[in-house]
Structure formats: C-alpha cells, structure tokens
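This report concerns only the one structure given below.
Pasting the structure below:
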C-alpha cells in the first residue's frame, strides 16, 4: 500500500528560517500565526491528511464517483465522513476573513494544507480547493449582499464552489463561449447552456453548490469583451440564507478520465437556471481571473504534491528492494543482493525528485507569501512589488512545477519497475493523477505564452527587471566561500536567463513566432533559475542554523548536499534552453502542414 508522511519539518523550516514568517506580524492574520501556533497548525494539517485522506486515495480511485438517473452524484465511500471532519477543523475557511466566518489566517497556510491534502488524496482536495478559489473571486468582486449571503456557508464548508468556463467548442478561447444570460424582471438572469470538464460540479458532500458561471448577456459584444460572471446556486438561496427550490442546473454526465477518479468531473446543463450577476456586465473575465490565478497556484502545488508522494514511495521501495550488487562491493553482505538505492542511476532519479521537491515547496510558499503581502499590506510599495512577483511567477510555477511533478511521478514508477506498472501497488495512480495538472487551469503551453506575451513585457518589463535585480543582489551579497557552490552556478544560470530575455526583446516583436516558439523553453529556463534561487536561500538558512547549533546537523547537511546536487546536475539545464531559444523558429515553422 502507498505511504505518505506530510513534510511538516521541512515546511516549518521554510516558513520560519527561509521566509522569516515572523517578520510579517504587522499584516492581518499573521499575528495569529506565531511560531508555536504555526507549528501546531502545520502539524494538525499533516495529521488529518495522513490519517483521514491518504487511506481513501486508492479506494476512491478504484471506486470513482457514481451518477444517478436523477443527475445526483455520489462520491467514493468514506469521502463524506472525511469531508465532515475536514470542515469541522475549519480548514476550508482557513484564510477567509473572520467577518465571513473564516479564521483570517495567512493564505500561505492554506497553500500548505493544499500541498498536504493533494499529496494525500488529490481528488478529495479538489472539493474544498475549488471552494476556496470561488470564495476569493466572490470576496473580491461580489456585492456586499452576495458576500453576506454566500461567503459564510462556503467558508464553513457547508456549501462548496466551482468555476464553469469550458464549453464543448471553447476551452482556452473563451471568446467562442455561447452560454447565454437572459435578464429577468427581478434583476436576476436565466442562464442557458452547457459547460464541460467541471470539477466538483455535482456531489454529495455539501448542502449546496455555488457555481460561478461565465455567460454572455443577450446583446453583449462578441468575443471576450462580452463575457459576464454569474452566481448560479444548485439550490436557490432565500434572503435569510435558507435553501429554496432546486435550480435548473443538472449534471448531465460524468467524464471518464485517466485519473482523479474520486473527483466528480461533470457535464453541467443549464436550462434557464436562475443566476446573479457578479460585478459589472461584460467584465466577467476580470472577476474570474481572480479564481483562475489562485487555481493556477493551487495546481502548481498539486504538481509538487504528486512529486512528493511519488518520491516518498520510491525512496522507501529503493531502500527495501534487493536487486544486484553495488559496483563498489556488496553492501548487504548477509543477503543475496543489495537494495537498489546503491545503484547510481536509482540515486540520480531520487535526488532529482528530492532536489525538485524541496525547492518547489520553497518557491510555492514564497509566492503564496507574496499573495498575502499583495492583498494585506498597507505599504503600497510592498504591495506592488509583491503583486509584480506574483503575476510574473504564477505561470512559471503552474507550468514548471506540474511538468516536473509529472516527471517525478514517472521516475518513481520507473524505480518500482514492473511493480510500478501494476495498479495494486498504487504508484501508477500518481502518474495518472499528476498528468491532468499539466492540462487544466490553462495548459502549460498557454502558461508559457502568458509569461512571454503578457507577463514579461507588462509595465515595460518592471516585474522581470525587479526579479533579476533581486537575484543579482542576493548573489552579490553572498560572496563567502561557503556559499560559492550555490551562488556561482546561480550567477551563470541568471546570465542565461538575461541573455534569453534580451534575445526575445530583439527578435520577438518583429517576428512574433520567435516569441511563441521560444516561450516553452523560456518558461523552463526561468523556472530553473527560480528554483536555483530558492535553493540558494535554503542553503543560506541551513548554514546559519548550523552555526547556531539550532537544528539537527545531519538533517541540515542533507539539505546542503541536495542543494549542491541541484546546482551541479539540474541548474545547468539553462544553457541548453538558451541554445534552443536563440536558434529561432525557422525550422519549426517551415514544414508544410500536409507533411505532418
């Protein structure tokens, strides 16, 4: 049976020693997350994920969800009970403001829980995760009455939320959307159309489901400029918050998927369902992007989470599985073979996974902290800097962490060999579940285009230049011998990123295909630098902690060794990405379509 142990100590080290969480005590909610409270929250998050969610992962995958003739969906056995316990712990509303019945804690802690829950049981974690995203959009763009009516029961977990964008004829190109909204006399709208691939669209975990639906008001402009956002509840909600009649929205089918079988991915049919406009007409994408950006960071963390759980199972297996002998002589002299962890290629795969996981976790938490600063700080300069980093890094995290998270799941399966291909061992589920993260919430090629086409040139490149300056400043400051193994490779990698950026500036405007063709490599080049910078920050914190004799010396040494491995073996990928970028797109675009 697969195992999972939440990385509580690693997470606390990142929060306390690398990100210095205590320095943000002046931000709303942070004073309530003092170090002792922080340790308790992270520990309890790990406990419920290990003890309640992880045991349901394989059974939920095997059983899946079931659709009745009436359009009701039953989740796998045990999900409902686990959800009640999850809700009772206040985990859904962890970062929701207290005035809406949330706990008001930092969003960063919600990201911690998202990782643990997604590693333990990704299908389950999606139900509360989507609710949190819907809440973020409502709290930013909803009216006071909408927030009063819908936010508290969602924060409490009694109601859940979804996002409804995709239709059969439109995924990325939302300008093709045809779901229509017809005004009613009472100020509400009749929503008619079909949405597909709607995660958690129908289920039996909550009393009500609040759908956030993109639709076009009759007479609205064509394309994305005519899209509005609507609240469409499964059950209508009376002014006093009690539930009324069933709305005209039903699950018409469940998608049969490669993975995440425990989450209900639905075809949703809207047949004149009553909906309520969120924000201004024809400004729906602005409101929905709040949810989408939060969801993209959440999906990035899902990639990390699947990599972490896959790594843990691969590392355990590698220490137990006896096959062959070490080239340097038998290590298990009393047995017929050595554990496969003695073999360099097995160690290579494990080290690549471990080095990625630790840096990806640090990068995800740093980005989540930027979100907290951007939305909670009273310092306008700090807010802008954090928001710039958040916008720049979100597509990088979504694309790179999910690509590499899937690669880790495949590496884990490879370490298990033939046993990893057999479903009873549970490793192949990590591969199947991780695969969707590269696709939904904007396929990774779209993330790369967003980075190069929008985020990089935004505000005349202000965010990118500030990030380059931040990394350069760190390198200049950390000139000691003990930090050379970390800052010298980082300096070279940053140089590759800067060269690639200059090449794009010189070649993409006159020939747009140069930018689009280079975007995927540029995203991964940027990602390697961001992960390398994170490792350098981790190394600085580990060295400081060793000097203070404030931690487990062997544990800190393992971090430093893992960090050096990343710098020596993984960071140099930036040079080959630079070569691919500067080669241009002539051969890429020259082959006639009929030759494919």
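Numbering (this note's numbering), first residue to last: 18 to 613.
No residue lacks a Cβ here, since even glycine has one placed at the ideal position from N, Cα and C.
Bear in mind the structure is a predicted one, so any value in this text is a computation, not a measurement.
In angstroms with no decimal places, state the Cα-to-Cα distance between residue i and residue j.
| i | j | result |
| --- | --- | --- |
| residue 528 | residue 467 | 17 Å |
| residue 260 | residue 310 | 30 Å |
| residue 50 | residue 57 | 9 Å |
| residue 127 | residue 318 | 11 Å |
| residue 416 | residue 257 | 43 Å |
| residue 214 | residue 546 | 34 Å |
| residue 513 | residue 392 | 33 Å |
| residue 582 | residue 320 | 21 Å |
| residue 110 | residue 195 | 34 Å |
| residue 336 | residue 563 | 28 Å |
| residue 601 | residue 220 | 48 Å |
| residue 70 | residue 99 | 7 Å |
| residue 515 | residue 426 | 31 Å |
| residue 557 | residue 370 | 21 Å |
| residue 483 | residue 597 | 25 Å |
| residue 188 | residue 175 | 30 Å |
| residue 290 | residue 266 | 6 Å |
| residue 249 | residue 212 | 13 Å |
| residue 606 | residue 465 | 18 Å |
| residue 410 | residue 454 | 17 Å |
| residue 117 | residue 105 | 16 Å |
| residue 143 | residue 328 | 21 Å |
| residue 461 | residue 496 | 36 Å |
| residue 37 | residue 287 | 48 Å |
| residue 611 | residue 604 | 15 Å |
| residue 209 | residue 200 | 12 Å |
| residue 486 | residue 493 | 10 Å |
| residue 276 | residue 506 | 38 Å |
Name the residue from the options whose alpha carbon lies nearest to the alpha carbon of residue i.
| i | options | result |
| --- | --- | --- |
| residue 353 | 341, 43, 49 | 341 |
| residue 154 | 172, 140, 139 | 172 |
| residue 549 | 252, 236, 586 | 586 |
| residue 510 | 494, 524, 542 | 542 |
| residue 107 | 87, 130, 85 | 130 |
| residue 77 | 329, 88, 446, 179 | 446 |
| residue 166 | 225, 185, 139 | 225 |
| residue 28 | 222, 576, 530, 91 | 576 |
| residue 178 | 202, 216, 262 | 216 |
| residue 183 | 521, 302, 402 | 302 |
| residue 40 | 526, 532, 394 | 394 |
| residue 405 | 479, 144, 430, 423 | 479 |
| residue 253 | 63, 228, 326, 588 | 228 |
| residue 244 | 181, 504, 491 | 181 |
| residue 64 | 590, 21, 36 | 21 |
| residue 149 | 113, 457, 398 | 113 |
Tell me which same chain residues have a C-beta within less than 6 Å of the C-beta of residue i, skipping the five on either side of it?
| i | result |
| --- | --- |
| residue 46 | 121, 122, 123 |
| residue 66 | 23, 133, 134, 137 |
| residue 42 | 48 |
| residue 568 | 562 |
| residue 488 | 511, 550 |
Residues in the same chain with beta-carbon distance under 7 Å from residue i, minus the five sequence neighbours each way, listed in chain order, please.
| i | result |
| --- | --- |
| residue 31 | 378, 379, 382 |
| residue 499 | 560 |
| residue 387 | 403, 406, 407 |
Would you list the residues sitting across from residue i in a DSSP beta bridge?
| i | result |
| --- | --- |
| residue 270 | 284 |
| residue 292 | 206 |
| residue 356 | 339 |
| residue 250 | 227 |
| residue 260 | 254 |
| residue 91 | 83 |
| residue 234 | 198 |
| residue 245 | 232 |
What does a CB cutoff of less than 8 Å around residue i pick up in its chain, not counting 5 residues either side in sequence?
| i | result |
| --- | --- |
| residue 75 | 18, 19, 443, 446 |
| residue 233 | 194, 195, 196, 197, 198, 243, 244, 245 |
| residue 82 | 90, 91, 92, 93, 220, 271, 278, 279, 280, 281 |
Item to check | Secondary structure, alpha helix (DSSP H): runs of 4+ residues fully inside the region 147-227 | outcome: 161-172
Item to check | Runs of alpha helix (DSSP H) lying entirely within the region 21-59, each at least 4 residues, in chain order | outcome: 25-30
Next on the checklist: At 4 residues or longer, what runs of the alpha helix (DSSP H) sit wholly inside the region 429-504?
Outcome noted: 444-452, 461-467, 479-494
Next on the checklist: Give the list of continuous beta strand (DSSP E) stretches no shorter than 3 residues that lie fully inside the region 306-333.
Outcome noted: none
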